[in-house]
Every structure is written in C-alpha cells, then in structure tokens.
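Okay, structure first, notes after.
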C-alpha cells in the first residue's frame, strides 16, 4: 500500500519559499530543514516568482473593484434611507407630529 500523500498549507509553502528566496542556504539544506524534496522547493519558488507580477497588478484592480462595489452599495442604502426618512416626515406631519 502506498503511503498517504502529504499536503502542505499555504502558510508552510510561503515560509519555505521565503527561505529559498533568501538564497543563504542551498536547496538541499532547505529540503533537509523543512523535510521536503528539493525539487518541490524549486517548483514552489518558480511558481511564486511567476505569480509576482499578477499579484501586484490584479490585486490592485480587484481591490478597486471591491471598493467601488461597496461604495455603490452604501450610496444605494443612503438613498433608500433618505426616501424612507422623507416619507416618515411627511406621514408624521399628516398625523399632526412636528418633526
């Protein structure tokens, strides 16, 4: 029976890649330290380096889009509440309440 395949968390992978990017230890030393095959470390490092440009460009765009959606939603809520407030003031005056 084959041994169960190991799965690594994103936090663990990031820690290994940071150590690999420092380049103060060889892949063999890092592999021994983190108990991961050197080829796996090289692959994670390659993936991280390839993704860097996307991280800086896409994140900013998605953050701006999320911010704009939130702003639009809040303006919609403000408009709805303003309409409700005006309606309540009008009804209050009709019923003889000052406001």
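Numbering (this note's numbering), first residue to last: 714 to 812.
Glycine included, each C-beta is placed from N, C-alpha and C at the ideal position.
When the options are compared against residue i, the one with the closest alpha-carbon
i, options, result
"residue 730", "719, 760 and 717", "760"
"residue 718", "749, 727 and 763", "749"
"residue 747", "779, 721 and 798", "721"
"residue 752", "807, 739 and 798", "739"
"residue 735", "790, 762 and 789", "762"
Buried/exposed call for residue i, threshold 16 Cβ in 10 Å
i, result
"residue 754", "buried"
"residue 803", "exposed"
"residue 758", "buried"
"residue 733", "buried"
Check whether the segment 769-779 and the segment 734-752 touch, using three or more Cβ-Cβ pairs below 8 Å as the test. no
Please give the ranges of any alpha helix (DSSP H) in the segment 728-781, keeping only runs that are unbroken, at least 4 residues long and fully inside the region. 740-747
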